[in-house]
Amino acid sequence: MVDDLPGSVVDVPTDAAPHKAYTALLERGVLGFQACSDCRSAIFPPRGRCHRCGADALLWRASAGLGTVYSATAITPRVERSYTVVLIDLDEGYRMMSRIDRSEVAIGDRVVVDVWTKGEEPLPLFIQTGVSNA
Ligand SMILES: [Zn+2]
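Below, the structure is given as structure tokens:
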């Protein structure tokens, strides 16, 4: 089905709490987000109402997982391995916080999601595509 909402149609139980639906999609390797059926906004993180217009008619959508690095911050804990926290602007029109697989990352780098499912909860991590928008 083709419509004018960002992302693509995805099947998820509509009575599930927003975070449970999001996690269920990640377990299937799908990066999900919501779209408002009234104002057409992309909504993230998952919630019960649209943050722009207040409507509660939110639909689950599948992201293609492609985005651009908005910011990157290297974290160097005293006793753990260092890692990089990033804000990613997804192509569907929302921003999310995540981690990236390497420290050499620049604002404007193109990235793709890689859902890591080996932990207790699946995590959407990002890897660079090698293409830069900067
Ligand atoms: Zn809305």
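Per this note's numbering, the sequence shown starts with residue 3, numbered consecutively.
Beta carbons are placed, not taken as given, at the ideal position from N, Cα and C, and that holds for glycine.
What you are looking at is a predicted structure, and each value in this text was computed from that prediction instead of being measured.
- The Cβ atoms of S84 and I109 do not sit closer than 8 angstroms to each other.
- Ordered by chain, the residues meeting the criterion of a beta-carbon within less than 6 angstroms of a non-hydrogen atom of ligand 1 are C38, D40, C41, S43, C52, R54, C55, A57.
- Beta-bridge pairing by DSSP links C38 to L60.
- Rounded to whole angstroms, the separation of the alpha carbons of A64 and S10 is 5 angstroms.
- About 7 angstroms separates the beta carbons of L60 and A37, which is inside the 8 angstroms limit, making them a contact pair.
- Comparing alpha-carbon positions, the option among G56, R104, R51, E82 lying closest to T75 turns out to be R104.
- In this structure, the CA atom of C52 is about 30 angstroms from the CA atom of Q130.
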